[in-house]
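Asks:
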Amino acid sequence: MKIVRSIAEMRDMVADWRRMDATVGLVPTMGGLHAGHLSLVHMAGERSDKVIATLFVNPAQFSADEDFDAYPRNEDDDCRMFEEAGASLLFAPPIEEVYPADHVTKVHVGGLSSLLEGEFRPQFFTGVATVVSKLLIQAMADVAVFGEKDYQQLQVIRRMARDLDIPTEIIGAPTVREHDGLAMSSRNRYLSEDERPRAAKLFSAISDIARATAEGADPAPLCDAAARQLTEAGFREVDYVTVRDAKTLEHYRCSEGPGRVLAAAWLGKARLIDNVAV
Ligand code: PAF
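For the sequence shown, position 157 matches number 143 in the numbering used here, and the numbering has no gaps at all.
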């Protein structure tokens, strides 16, 4: 696996592959790799001849009080894991390559970005949409794979690619879970030994809501009850537990299409998010 740090080098590599008629898949990440990320690389490999993994902790998607400095960084381990998973190229640019000092353009996806995560992390989706649109344009891949674990992010990226006519197919990959159901996340390492077993409660709570909603129950009281149960189980703050339309993330009506249960809650220093289909 070749490692490049500049956009020009990545584009040269892609141009070489294009001359060989190879298709290209892109897997953007911020590192801190776990099995969930590797499943994205595998899926990109099934859908394209060459896979570019990217490793860039994007400052634009963190607010001043978030964990940008503490975010797990271990390029050597990440490189080894990307290579073993079958990536052909790693694009790991320095901050100045992505955001030169005179950079002023931001990509804001209206509507979707202001809901749910957007209410609690107002800078987040503009930071994500800006960096992902840049990566998509830089690589001009045929497909790009993102985890369903960040379900709202996936919907924002799909909308952004569609609205900006970026000709890369956006693919969602199923969430990879620990044995007890906890969704894999780079931020799970912030959980203490004592908190870790309790973290799986989030998945069991939203799974119960999904089942009952699918059987026709009214989701609102179920979500309220789940939030209370999470607090009783030691979650210090429940940002939301809600059932939404799976595509628009607006109010869910079972007659109008599939739903999605989404939740975000704090356990100790970790803010956990998860979602399941209804
Ligand atoms: O999901 C992530 O790791 C990041 O939000 C992404 C998509 C790589 C953009 O920085």
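Cβ coordinates follow ideal geometry from the N, Cα and C atoms, glycine included.
Please state whether DSSP places I152 in a helix, a strand or coil.
Replies: Note: I152 maps to coil in three-state DSSP.
Asks: Can you find a heavy atom of ligand 1 that lies under 8 Å from the Cβ of T40?
Replies: Checking every heavy atom of ligand 1 against the Cβ of T40, one is found closer than 8 Å.
Asks: Does the segment 79 to 87 come into contact with the segment 28 to 35, if we say contact requires no fewer than three beta-carbon pairs (one atom in each stretch) closer than 8 Å?
Replies: No, they do not touch.
Asks: Can the beta-carbon of A256 be found less than 9 Å from the beta-carbon of Y176?
Replies: In contact: A256 and Y176 (Cβ atoms closer than 9 Å).
Asks: Put Y137 into one of helix, strand or coil per three-state DSSP.
Replies: Helix at Y137.
Asks: Anyone know if the C-beta pair for P244 and T228 falls short of 9 Å?
Replies: No, the pair does not count as a contact, with Cβ atoms beyond the cut-off.
Asks: Should Q124 be listed as close to ligand 1, given that the test is whether its C-beta is under 8 Å from any heavy atom?
Replies: No, ligand 1 has no heavy atom inside 8 Å of this Cβ.
Asks: Could you tell me whether the Cβ atoms of A169 and L253 are closer together than 9 Å?
Replies: No, these two residues do not count as a Cβ contact at 9 Å.
Asks: Note down, in chain order, each residue of its chain lying with its Cβ closer than 6 Å to the Cβ of I152, except the 5 sequence neighbours on either side.
Replies: Cβ within range, chain order: L122.
Asks: Relative to the C-alpha of I143, which candidate in A127, L188, F111 has its C-alpha closest?
Replies: For the residues A127, L188, F111, the minimum Cα distance to I143 belongs to F111.
Asks: If S171 sits next to K135, beta carbons under 8 Å apart, how far is it from one beta carbon to the other, in whole angstroms?
Replies: So it is a contact: roughly 7 Å between Cβ atoms.
Asks: Quick one: is M16 buried, meaning 16 or more other Cβ sit within 10 Å of its Cβ, or exposed?
Replies: Buried, because 16 or more other Cβ atoms sit within 10 Å of the Cβ of M16.
Asks: Buried or exposed: H23, going by 16 or more other Cβ atoms within 10 Å of its Cβ?
Replies: With 16 or more other Cβ atoms within 10 Å, it is buried.
Asks: Quick one: is the Cβ of G133 within less than 8 Å of any heavy atom of ligand 1?
Replies: Yes - ligand 1 has a heavy atom lying nearer than 8 Å to the Cβ of G133.
Asks: Considering only residues of the same chain and omitting the five flanking positions on each side of V27, which have a CB-CB separation below 7 Å?
Replies: The residues are V13, V37, A39, F68, A71, G72, A73.
Asks: What is the C-beta distance between A263 and R246, in whole angstroms, given that I count them as a contact (C-beta under 8 Å)?
Replies: Confirmed, Cβ separation roughly 6 Å.
Asks: Can you tell me which of T116, L188, A130, A147 puts its alpha carbon nearest to the alpha carbon of R222?
Replies: Measuring from the Cα of R222, the nearest candidate turns out to be L188.
Asks: Between the C-alpha atoms of D55 and R173, what's the straight-line distance to the nearest angstrom?
Replies: Taking the straight line from one Cα to the other gives about 13 Å.
Asks: Given the structure, does V118 come close to ligand 1, in the sense that its CB is under 8 Å from one of the ligand's heavy atoms?
Replies: For ligand 1, at least one heavy atom lies less than 8 Å from the Cβ of V118.
Asks: Let me make sure I understand the geometry here. Which of A219, G18, V0 has the alpha-carbon closest to that of V10?
Replies: Out of A219, G18, V0, V0 has the C-alpha closest to the C-alpha of V10.
Asks: Who are the Cβ neighbours of G104 in its own chain at under 6 Å, not counting the five residues just before and after it?
Replies: For G104, where only same-chain residues beyond five positions count, the Cβ hits under 6 Å are F111.
Asks: Our contact map puts V90 next to A115 with C-beta atoms below 8 Å; I'd like the distance itself, whole angstroms only.
Replies: V90 to A115, Cβ: 15 Å. No contact.
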